[in-house]
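S.K.:
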Amino acid sequence: MKIVVRLIVILILLALVLGGIFGWKYLKMQEMAAQQSQPQPPVPVETVQLTTDSWRAELKSVGSMRAINGVAVSNEVAGVVSEIDFESGQRVSKGDILVRLDDSVDQAALAALEAQARLTNETFRRYSDLLPRNAISQSQYDEARANYQAARADVAQQRAQLDKKTIRAPFDGVVGLRQVDFGEYIAVGTPIVDLNMLDPIYVDYSVPEKQLGSVQAGRNVEVRVAAFPEEVFAGEIEAVAPAVDESSRTLDVRAKLVNPDQKLRPGMFADVRTLASEAERVLTLPRTALAFNTYGDYVFLVTPNDQDQLTAKRTQVTTGRTRGDQVEIVEGLQAGDRVVAVGQLRLRDGQPVSLANGDGETTSDDSQERADDDSATTPGEEAAG
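Quick note, the sequence shown lines up with residues 8 to 392 if you use this note's numbering.
Here's what the structure looks like:
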């Protein structure tokens, strides 16, 4: 009997405990349902309004820098280096002496030939006086004249040979690293030093044959190099190859750039952008306004709902070129739309929002002005028209 009473008491206590637990759970669920039924407070966000900007279409290419004039200076005659008149990396002018070779033997030979020329000149002068008096024959006079002319030619030849012992800069430029030493015997054609004209400078690059209409002579280009990633070097196309390469189906293009600081050097790898002749109107947004999901890029479009309350609507967009912190919007929005620029990570589709930046009239033009006053000097991704 006692056992039965105990079991009944235990069951009653267990029922009370379970009832209390279920009752507490029910109250919590009711409280949560009541909270969810209440309207969500607006999330403060900053917005930006879409406007149209003027962008110039661009054609991207890669190329190499090339000196307008660049040679490996060498000697035309053999000899021993007797004088070096430049330092590696020095700027030189056309005609400046770079290296002298020992010319003592050539100087002696020139003196002997000049003496011989003077002797033949005297003989020819005397014969010129004797010929009118018939004191000599015409053949003797002709021989004396020929000897004098030959002696003069020998002197000129020796002087030319002597001049080749002095190696001079063929044009203005900057010399590279010296390749010869004082006292060294150098054979004909030995490289002495590289000489390059650096200002202005060429950039050579190739474009697909279908872009032939985008690379006429005179069109502006912009160049960037890894050594100076924040700088843009401006120039214009100087020449376009007359024929397309049959193996690659590309067209060679050469542009000239001013290079007063000589930051651009021959052989540098270059990113080249050929600019279109005319600008086009495009829709732009700051990069910060874009987010990404499995469907691509999207933004939160701020629009009023039926109660005239501002809400954030997730809207997929198609993007295009990028310039600075601005991104081209190709599809999904239109001019005048207002989207969330800051705070979108806290948002859900359809969530109420409030404008933290007052009336929210910040426009993409304001951001563009902060990024770059001239949209034509920033990088893009489209082919030039």
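Glycine residues also receive a C-beta, built at the ideal position from the N, C-alpha and C atoms. Keep in mind the model is a prediction, meaning the values are calculated, not measured.
Are the beta-carbon atoms of Phe93 and Val182 separated by less than 8 Å?
M.R.: Residue 93 sits at position 86 when you count from the first residue of the sequence shown. Residue 182 sits at position 175 when you count from the first residue of the sequence shown. In this structure, Val182 lies closer than 8 Å to Phe93 by Cβ.
S.K.: Tell me, please, which residues DSSP counts as bridged to Gly27.
M.R.: Position 20 of the sequence shown holds residue 27. Answer by DSSP bridge pairing: none, since Gly27 is not bridged.
S.K.: Using only alpha-carbon positions, find the residue among Glu287, Val106, Ala142, Val337 that is nearest to Ile193.
M.R.: In the sequence shown, counting from the first residue as 1, residue 193 sits at position 186. For Ile193, the nearest C-alpha among the options comes from Val106.
S.K.: Look at the alpha carbon of Val7 and the alpha carbon of Ser89, and state the distance between them as a whole number of angstroms.
M.R.: No information on residue 7 is available, as it lies outside the stretch 8 to 392 that the chain covers here.
S.K.: What residues match up with Val230 in a beta bridge as DSSP calls it?
M.R.: Numbered from 1 along the sequence shown, position 223 holds the residue referred to as residue 230. Its beta-bridge partners are Phe240, Val279.
S.K.: If the criterion is Cβ atoms closer than 8 Å, does the pair Ala283 and Val210 meet it?
M.R.: One-based indexing of the sequence shown puts residue 283 at position 276. One-based indexing of the sequence shown puts residue 210 at position 203. No, these two residues do not count as a Cβ contact at 8 Å.
S.K.: Could you have a look at Leu18 and say whether DSSP puts it in helix, strand or coil?
M.R.: As a working mapping, residue 18 is identified with position 11 in the sequence shown. Here Leu18 sits in helix by DSSP.
S.K.: Kindly indicate which three-state DSSP category Asp304 falls into: helix, strand or coil?
M.R.: In the sequence shown, residue 304 corresponds to position 297, counting from 1. In the structure shown, Asp304 sits in a strand (DSSP, three-state: E or B).
S.K.: Quick one: what's Glu245 bridged to in DSSP?
M.R.: Against the sequence shown, residue 245 aligns to sequence position 238. Answer is none; Glu245 lacks a bridge partner.
S.K.: Terminal residues of the continuous alpha helix (DSSP H) containing Thr130?
M.R.: Start at 1 with the first residue of the sequence shown, and residue 130 comes out as number 123. Per DSSP, Thr130 belongs to the alpha helix (DSSP H) from 111-137.
S.K.: Which of the three DSSP states, helix, strand or coil, is assigned to Asp366?
M.R.: Residue numbering aside, residue 366 sits at position 359 when the sequence shown is read from its first letter. Interpretation of Asp366 is limited by its pLDDT of 48, a score under 50 that renders its predicted location unreliable; the figure taken from the coordinates is listed afterwards. If DSSP states are grouped into helix, strand and coil, Asp366 belongs with coil.
S.K.: Within 10 Å of its beta-carbon, does Gly225 have 16 or more other beta-carbons around it, so buried, or fewer, so exposed?
M.R.: Taking the first residue of the sequence shown as 1, we reach residue 225 at position 218. Exposed: under 16 other Cβ atoms inside 10 Å.
S.K.: Ala246 and Arg261: beta carbons closer than 8 Å?
M.R.: In the sequence shown, counting from the first residue as 1, residue 246 sits at position 239. In the sequence shown, counting from the first residue as 1, residue 261 sits at position 254. The answer is yes: Cβ separation under 8 Å.
S.K.: In the DSSP assignment, find the unbroken beta strand (DSSP E) run with Val181 in it and report its ends.
M.R.: The residue you call residue 181 lines up with position 174 of the sequence shown. 180-182 is the extent of the beta strand (DSSP E) around Val181.
S.K.: To the nearest angstrom, how far is the alpha carbon of Arg231 from that of Val239?
M.R.: The sequence position of residue 231 within the sequence shown is 224, counting from 1. The sequence position of residue 239 within the sequence shown is 232, counting from 1. The straight-line gap from Cα to Cα measures roughly 5 Å.
S.K.: Based on the DSSP secondary-structure assignment, which residues constitute the bridge partners of Gly77?
M.R.: Here residue 77 refers to the residue found at position 70 of the sequence shown. DSSP, once it has assigned bridges, lists Asn203 as partnering Gly77.
S.K.: How about Pro207 and Arg73: are their beta carbons less than 8 Å apart?
M.R.: Numbered from its first residue, the sequence shown carries residue 207 at position 200. Numbered from its first residue, the sequence shown carries residue 73 at position 66. It is not a contact, given that the beta carbons lie outside the stated cut-off.
S.K.: Could you pull the DSSP bridge partners for Val210 from this structure?
M.R.: Translated into the one-based positions of the sequence shown, residue 210 becomes position 203. In DSSP, Val210 forms a bridge with Met72, Ala262.
S.K.: Helix or strand or just coil, what does DSSP make of Ile10?
M.R.: Along the sequence shown, one-based indexing puts residue 10 at 3. Ile10: helix per DSSP, three-state reduction.
S.K.: Use the C-beta contact count for Thr369: other C-beta atoms within 10 angstroms, 16 or more gives buried, fewer gives exposed.
M.R.: Counting from one through the sequence shown, the residue named residue 369 turns up at place 362. Unreliable placement is indicated for Thr369, whose pLDDT of 42 sits below 50; the coordinate value is still reported in the next sentence. With 16 or more Cβ atoms within 10 Å of its Cβ, Thr369 is classed as buried.
S.K.: Quick one: is Glu216 buried, meaning 16 or more other Cβ sit within 10 Å of its Cβ, or exposed?
M.R.: The residue you call residue 216 lines up with position 209 of the sequence shown. Exposed, by the Cβ-count rule.
S.K.: So is Ala64 buried or exposed if we call it buried at 16+ other beta carbons inside 10 Å?
M.R.: One-based indexing of the sequence shown puts residue 64 at position 57. Buried is the call here.
S.K.: What is the DSSP secondary structure of Ser371, reduced to helix, strand or coil?
M.R.: Here residue 371 refers to the residue found at position 364 when the sequence shown is read from its first residue. Confidence at Ser371 is low in this model, with a pLDDT of 42, below 50, so the placement of that residue should be treated as unreliable; the coordinate-derived value is given next. Of the three classes helix, strand and coil, the one that applies to Ser371 here is helix, per DSSP.
S.K.: Is Arg272 helix, strand or coil when you go by DSSP?
M.R.: Along the sequence shown, one-based indexing puts residue 272 at 265. The answer is coil: DSSP assigns Arg272 none of H, G, I, E or B.
S.K.: Can you tell me which of Asn300, Val279, Lys320 puts its alpha carbon nearest to the alpha carbon of Met66?
M.R.: For the purposes of this step, residue 66 is taken as residue 59 along the sequence shown, with counting starting at 1. It should be pointed out that residue 66 corresponds to Leu in this sequence rather than to Met. Checking every option, the nearest Cα to that of Leu66 belongs to Val279.
S.K.: For Glu150, which three-state DSSP category applies?
M.R.: Reading the sequence shown from its first residue, position 143 is the one you call residue 150. Glu150: helix per DSSP, three-state reduction.
S.K.: Please report how far the alpha carbon of Pro359 lies from the alpha carbon of Ser61, in whole angstroms.
M.R.: The sequence position of residue 359 within the sequence shown is 352, counting from 1. The sequence position of residue 61 within the sequence shown is 54, counting from 1. The alpha-carbon atoms of Pro359 and Ser61 are separated by roughly 34 Å.
S.K.: Just curious, the beta strand (DSSP E) that Leu219 is in, first and last residue?
M.R.: As a working note, residue 219 is residue 212 in the sequence shown. No beta strand (DSSP E) contains Leu219, which DSSP labels as neither H nor E.
S.K.: Between which residues of its own chain and Ala234 is the CB-CB distance below 8 Å, once the five residues before and five after are set aside?
M.R.: Start at 1 with the first residue of the sequence shown, and residue 234 comes out as number 227. Closer than 8 Å at Cβ, skipping near neighbours: Lys270, Met275.
S.K.: Please report the straight-line C-alpha distance between Ile336 and Leu264, rounded to a whole angstrom.
M.R.: In the sequence shown, counting from the first residue as 1, residue 336 sits at position 329. In the sequence shown, counting from the first residue as 1, residue 264 sits at position 257. Each residue's alpha carbon lies about 33 Å from the other.
S.K.: Based on the DSSP secondary-structure assignment, which residues constitute the bridge partners of Gly86?
M.R.: For the purposes of this step, residue 86 is taken as residue 79 along the sequence shown, with counting starting at 1. Answer is Ile193, bridged to Gly86.
S.K.: Could you pull the DSSP bridge partners for Gln333 from this structure?
M.R.: The residue labelled residue 333 in the question sits at position 326 within the sequence shown. Paired residue(s): Pro293, Arg330.
S.K.: Return the chain-ordered list of same chain residues with a C-beta closer than 8 Å to the C-beta of Gly86, the five sequence neighbours on each side being excluded.
M.R.: For the purposes of this step, residue 86 is identified with residue 79 of the sequence shown, where counting begins at 1. Cβ within range, chain order: Leu108, Asp109, Asp110, Lys172, Tyr192, Ile193.
S.K.: At what residues does the beta strand (DSSP E) containing Gln316 begin and finish?
M.R.: Start at 1 with the first residue of the sequence shown, and residue 316 comes out as number 309. From DSSP, Gln316 is part of no beta strand (DSSP E); its letter is neither H nor E.
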